[in-house]
Ligand SMILES: Nc1nc2c(ncn2[C@@H]2O[C@H](COP(=O)(O)OP(=O)(O)OP(=O)(O)O)[C@@H](O)[C@H]2O)c(=O)[nH]1
Ligand SMILES: [Mg+2]
């Protein structure tokens with residue numbers, strides 16, 4: 189990655205040198221160099237995309253991250269709030285950094301999260317994470333069964349985050365809504381048991397009660 193970056197940088201330097209040598213007027217050279225600079229900003233200076241996962245506690249942010257990585261990278265919690273301080277991760281790996289993903293502390297917690305946290309509230313924790321690195325997009329996760337449950341409060345907090353980015357960095361962060369845990373929707377009798385991949389859990393839960 190870094191090698192490709194350096195190589196592109198030297199290609200632009202070479203082209204710039206050639207433009208300087210052209211037998212044309214300085215104003216024409218300046219116009220060409222302006223365009224070259226724009227192209228350089230869009231390519232060599234471009235950074236990897238940043239995606240911030242946000243949403244109510246338990247909506248499945250850490251689980252989605254783990255599913256993307258195909259391994260348990262982030263702590264998943266079934267009852268209490270899980271994720272503490274926000275964590276920016278490189279996908280697919282630190283050695284091959286292509287996409288930056290933020291796993292964040294869940295909104296609407298009633299107790300402090302299990303993991304270590306730094307700020308008093310989830311919103312403060314998120315403010316810190318998006319101040320450290322500004323997201324290009326928010327993935328707003330919401331459980332299928334909770335799309336009608338005090339969603340306004342979560343959206344207000346999300347909009348506060350977008351406002352902070354807008355004030356400090358002058359752009360609107362788009363939001364993509366991701367409906368999660370759709371396997372929980374009716375009719376439940378059609379549901380394939382999601383823990384089929386976990387034979388021990390399946391055995392315990394399907395064991396006839398005594
Ligand atoms: N049925 C079902 N459960 C899911 C799914 N995704 C996640 N879960 C469960 O939902 C619970 C919460 O998942 P997490 O990934 O910890 O949710 P989170 O949004 O990171 O939660 P916080 O870190 O507390 O904000 C866990 O018990 C997961 O196993 C899904 O697609 N279907
Ligand atoms: Mg989490």
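Numbering (this note's numbering), first residue to last: 189 to 398.
Note that the Cβ used here is the ideal one computed from N, Cα and C, for glycine as well.
Here the structure is a predicted model, which is why all the values come from computation and not from measurement.
Sheet register partners of residue i (DSSP bridge)
{"i": "residue 326", "result": "240, 363"}
{"i": "residue 335", "result": "In the DSSP output, where bridge partners are listed per residue, residue 335 has none listed."}
{"i": "residue 275", "result": "291"}
{"i": "residue 368", "result": "331"}
{"i": "residue 281", "result": "284"}
N-terminal and C-terminal residue of the alpha helix (DSSP H) that residue i is part of
{"i": "residue 228", "result": "214–230"}
{"i": "residue 291", "result": "Careful: residue 291 lies outside any alpha helix (DSSP H), inside the beta strand (DSSP E) at 284–291."}
{"i": "residue 310", "result": "310–320"}
{"i": "residue 249", "result": "249–257"}
Counted within 10 angstroms of its Cβ, other Cβ atoms place residue i as buried (16 or more) or exposed
{"i": "residue 208", "result": "exposed"}
{"i": "residue 338", "result": "exposed"}
{"i": "residue 269", "result": "buried"}
{"i": "residue 401", "result": "In this structure the chain extends from 189 to 398, so residue 401 is not present and cannot be described."}
{"i": "residue 310", "result": "buried"}
{"i": "residue 258", "result": "exposed"}
{"i": "residue 199", "result": "exposed"}
{"i": "residue 370", "result": "exposed"}
{"i": "residue 372", "result": "exposed"}
{"i": "residue 242", "result": "buried"}
{"i": "residue 212", "result": "exposed"}
{"i": "residue 301", "result": "buried"}
{"i": "residue 332", "result": "exposed"}
Assumed close pair residue i, residue j - CB separation to whole angstroms, cut-off 8 Å
{"i": "residue 271", "j": "residue 298", "result": "With 8 Å as the limit, residue 271 and residue 298 do not qualify as a contact, their Cβ atoms being about 15 Å apart."}
{"i": "residue 290", "j": "residue 323", "result": "7 Å"}
{"i": "residue 367", "j": "residue 319", "result": "Not quite, the Cβ-Cβ distance comes to about 28 Å (not below 8 Å), so this is no contact."}
{"i": "residue 294", "j": "residue 246", "result": "6 Å"}
{"i": "residue 288", "j": "residue 321", "result": "7 Å"}
{"i": "residue 326", "j": "residue 267", "result": "Their Cβ separation, rounded to whole angstroms, is 26 Å, which puts residue 326 and residue 267 out of contact at 8 Å."}
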